[in-house]
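*Asks:*
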Amino acid sequence: MKMSRYFLHTLREAPSDAEAAGHQLLLRSGSIDQLMAGVYTYLPLGWRVKRKVEQAVREEMDRAGGIELHMPALQPLDIWEQSGRADSMGSVLFRLRDQRERAMALGPTHEEVVTSLFASHARSYRDLPMTLYQIQTKFRDEARPRGGLVRVREFTMKDAYSFDMDDAGLDVSYDAMFVAYRRIFDRCGVPTIAVEADSGAIGGKDSREFMFLTEIGEDVIVRCDRCDYAANTEKADFRRVPAPIKVPLPTEEVATPGTSTIEALAALLGVPASKTAKAVLYMATDPHDASAPAQPVFVVVRGEMQVNEIKVRNHLHGVELRPMTDVEARAYGIVPGYTSPIGIDARVRVIADRAVAETPNLVAGANRDGMHLRNVNHGRDWSAAEGDVIDCALAEVGYGCPRCDGTLGAARGIEMGHVFRLGRIYSEAFNVTVLDEAGKQRVPIMGCYGIGVDRIIAAAVEQHHDERGIIWPATIAPFDVHLVGLGLGRDAALAADAEALYAELEAAGLDVLFDDRDESPGVKFNDADLIGLPLRVTVSSRNQTAGVVEVQRRDAGEAEKIARADVVAHLVAAHRASIGTLLGR
RNA sequence: CGGGGUGUAGCUCAGCUUGGUAGAGCGCGUCGUUCGGGACGACGAGGCCCACAGUUCAAAUCUGUGCACCCCGACCA
878 MKMSRYFLHT LREAPSDAEA AGHQLLLRSG SIDQLMAGVY TYLPLGWRVK
928 RKVEQAVREE MDRAGGIELH MPALQPLDIW EQSGRADSMG SVLFRLRDQR
978 ERAMALGPTH EEVVTSLFAS HARSYRDLPM TLYQIQTKFR DEARPRGGLV
1028 RVREFTMKDA YSFDMDDAGL DVSYDAMFVA YRRIFDRCGV PTIAVEADSG
1078 AIGGKDSREF MFLTEIGEDV IVRCDRCDYA ANTEKADFRR VPAPIKVPLP
1128 TEEVATPGTS TIEALAALLG VPASKTAKAV LYMATDPHDA SAPAQPVFVV
1178 VRGEMQVNEI KVRNHLHGVE LRPMTDVEAR AYGIVPGYTS PIGIDARVRV
1228 IADRAVAETP NLVAGANRDG MHLRNVNHGR DWSAAEGDVI DCALAEVGYG
1278 CPRCDGTLGA ARGIEMGHVF RLGRIYSEAF NVTVLDEAGK QRVPIMGCYG
1328 IGVDRIIAAA VEQHHDERGI IWPATIAPFD VHLVGLGLGR DAALAADAEA
1378 LYAELEAAGL DVLFDDRDES PGVKFNDADL IGLPLRVTVS SRNQTAGVVE
1428 VQRRDAGEAE KIARADVVAH LVAAHRASIG TLLGR
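Under my numbering, residues 878 to 1462 are what the first sequence spells out, in order.
(1) Assign D1134 to buried or exposed, taking buried as 16 or more other Cβ atoms, counted over all protein chains shown, within 10 Å of its Cβ.
(2) By Cβ distance below 7 Å, which residues in the same chain neighbour T1216 in space, the five residues on each side in sequence not counted?
(3) Exposed or buried, which one is K929 when buried takes at least 16 other CB atoms within 10 Å?
(4) Distance, Cα to Cα, R1064 vs A1372?
(5) If the criterion is Cβ atoms closer than 8 Å, does the pair Q1175 and V1225 meet it?
(6) Is it right to say D1105 is buried, meaning 16 or more other beta carbons lie within 10 angstroms of its own, or is it exposed?
(7) Which residue marks the beginning of the beta strand (DSSP E) containing N1252, and which one marks its end?
(8) Which runs of the alpha helix (DSSP H) spanning at least 4 residues fall entirely within the region 1136-1186, listed in chain order?
(9) Mind checking which residues open and close the alpha helix (DSSP H) that includes S1418?
(10) Buried or exposed, going by whether 16 or more other CB atoms sit within 10 Å of the CB of E896?
(11) Determine the closest residue to V1027 out of S1001, L1090, L983, with distance taken between C-alpha atoms.
(12) Evaluate D1075 with the Cβ neighbour count: other Cβ atoms within 10 Å of its Cβ, from every protein chain shown; 16 or more gives buried, anything less gives exposed.
(13) So, are the CB atoms of Y883 and G943 less than 8 Å apart?
(14) How far does the alpha helix (DSSP H) with K1015 in it reach, from first residue to last?
(15) Which runs of the beta strand (DSSP E) fall wholly inside the region 1381-1432 and span at least 3 residues, in chain order?
(16) Identify the continuous alpha helix (DSSP H) that holds G899 and give its terminal residues.
(17) Let me know the secondary structure DSSP gives T1216 once reduced to three states.
(18) What is the rounded straight-line gap between the Cα of D1102 and the Cα of H886?
(19) Any idea what DSSP makes of G1327, helix, strand or coil?
(20) Taking just the CA atoms, how far does R1116 sit from M1248?
(21) Quick check on the DSSP output: the alpha helix (DSSP H) that includes H886 runs from which residue to which?
(22) State the start and end residues of the unbroken beta strand (DSSP E) segment that holds E1129.
(23) Kindly indicate the opening and closing residues of the beta strand (DSSP E) around T992.
(24) So is K1401 buried or exposed if we call it buried at 16+ other beta carbons inside 10 Å?
(25) Using only the alpha-carbon positions, how far apart do R889 and K879 sit?
(26) Residues in its own chain within less than 6 Å of T1136 by CB, not counting five upstream and five downstream?
(27) Work out the CA separation of P921 and A1476 for me, nearest whole Å.
Here is the structure:
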């Protein structure tokens, strides 16, 4: 491609809307353009990157046995009601009506479509196992798009769905996807780690997220410093330190006027926060039944810990939680600021984290203004209901690893992909049955697997750039070679040779961006650095005289002078080597 | 949805406090000089100052109401 004829306009300064380096560089390099919050145009340069990423994903999915298809983004709302997610997806689902007022949705994901599709086509165990995938535009009405391509409302996802007869088959399908994901991210130059994850509104269990670790990540993960345990904090467990064996002491009241926070309480009584019990009050509502009254929930964790609301919600089967108001609390006889699990109104469901239940002689509220109780013990003075002592505290840096005696550290990350064993939630909802070898109807078990294509691009730039611009991994670079012609307008012979080299490189199978513009060397070099193609070739009168051209790798090293006659072979070899490294060959 | 911030030229911003009819740098066009790391000169194009409603002789500027975008939080297959 000749730059003089290309639709490409670099920016010297980044638009002020962009904060992350990767977002700024994608904008400055003329790769993307924002249309509105969370909606971007892929400009020609960015579009080439996107197609390369898609192709990398496609090849690896095919290699793993996936079969590509393409499902509609526009979907009837019926299927969302059939699965129950019309409610549970809530406001994230883009809804619309056609001219006959039929309710529809723009697909935020495709479990419903693929499962109803599979139901009408699959008949026999001979059709299984089957993994179907697509690369599709998804729509999610995100409350807060952010970070350029990181969280957007219209985006491209590769989503795959596996159908198997039994758990053992699902394991095979799942493992194949897991391996393919590793290869995809490696190939695109995006380092990821697989972490245990909450499966969220999609349902299912046993899910793993592939996280790209970065300061700008919106998820927090914890990792063990000794073993390979890693988990999203939404899901993470930690080792509760066994309490030293202590005899429960008699409770005693202590006056604590004006002490309604754990910090103030710990300071006033001279005890660590870990010797206190923290009460957090919620109202829980059922997203599937808006008419049902909100239920009061009282979560107790140790004073130094935070409630993991995701775990509480999952424990309560997907309810929505909101903080209880003081007015509501008083209606249940609760004194806000001095809340006590002791003698709580029977209508209030008490859920306790294991750590608080196992720690003796804690300071807790007395449910009287200005009063706390010392030496409160779970089991003697108060109790969560049967089955309501659970892991529901947030894992934090410095806590013990749940798997070994290591310590947890924390990092931020962006979710690049997610794989999980779905189970039969959807296949049952859509009445998928196939006949097994004995002629009996069986419901297949499903897995689902997603990758954010746009996020791969965002992460690749975030990971590979310097102060001058992008350093594209060779596998996803928009072009392979940046051919820079200096002073072509003043030297007809040079211009002719640059044209010839351009043609030779293209003929050799390289994608070339040829800067044939009438611009000064500084402008051209700066644009080349900004755009970040892996290889830069400079032709100039100076080099021409010596019979050489100059080759510069974007990722490292000094420029090399290469004999004009050898340059095509040299670049082909350099390109192959870079691709080979990323493919792990 | 709560909190904060910002809307003036394609981009980055000044002007707003103290109302008087629009500015800079970069970018863009033409011409000339330059030509290996964002050159220089001359001339030029380009703005419904986010929108609407007030106040005023007069509003980019003051007031109100919206809207958009960004950040933090809530939310998030």
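By construction, the Cβ of each residue, glycine as well, lies at the ideal position given by its N, Cα and C atoms.
Since this is a predicted model, take the numbers as computed values, not measurements.
*Replies:* This is what the structure gives:
(1) For the record, residue 1134 in the displayed sequence is Pro; it is not Asp. The residue in question, P1134, is exposed, as its Cβ has fewer than 16 Cβ neighbours within 10 Å.
(2) Here the set comprises A1156, L1158, G1242, N1244.
(3) K929 is buried by the Cβ-count criterion.
(4) When the Cα atoms are used, R1064 and A1372 turn out to be separated by approximately 36 Å.
(5) It is Phe, not Gln, that sits at residue 1175 in the sequence shown. Yes, these two residues count as a Cβ contact at 8 Å.
(6) By the neighbour-count criterion, in which a residue is buried when 16 or more other Cβ atoms sit within 10 angstroms of its Cβ, D1105 is exposed.
(7) Note, N1252: beta strand (DSSP E), 1248-1253.
(8) The region 1136-1186 contains these whole alpha helix (DSSP H) runs: 1139-1146.
(9) Where S1418 is concerned, the enclosing alpha helix (DSSP H) stretches over 1418-1423.
(10) It is exposed - the Cβ of E896 has fewer than 16 other Cβ atoms within 10 Å.
(11) Put simply, of S1001, L1090, L983 the residue whose alpha carbon is nearest the alpha carbon of V1027 is L1090.
(12) Residue environment analysis places D1075 among the buried positions, since at least 16 neighbouring C-beta atoms fall within 10 angstroms of its C-beta.
(13) Taking 8 Å as the Cβ cut-off, Y883 and G943 do not qualify as a contacting pair.
(14) Premise fails: K1015 lies in the beta strand (DSSP E), 1007-1016, not in any alpha helix (DSSP H).
(15) Counting only runs of 3 or more, we get 1389-1392, 1412-1416, 1425-1430.
(16) Segment 898-905, the alpha helix (DSSP H) holding G899.
(17) Looking at T1216 - three-state DSSP - the assignment turns out to be coil, as it is neither helix nor strand.
(18) C-alpha separation (whole angstroms): 46 Å.
(19) In this structure, G1327 counts as strand in the three-state DSSP scheme.
(20) So the alpha carbons of these two residues sit roughly 32 Å apart.
(21) Neither: H886 is in no alpha helix (DSSP H) and is coded neither H nor E.
(22) Looking at the DSSP string, the run of the beta strand (DSSP E) that includes E1129 is 1129-1132.
(23) Where T992 is concerned, there is no enclosing beta strand (DSSP E), although the alpha helix (DSSP H) it sits in stretches over 988-998.
(24) Result: buried.
(25) Each residue's alpha carbon lies about 21 Å from the other.
(26) The residues are L1142, L1145.
(27) The structure shown does not extend to residue 1476, since the chain spans only 878 to 1462, so no value can be given for it.
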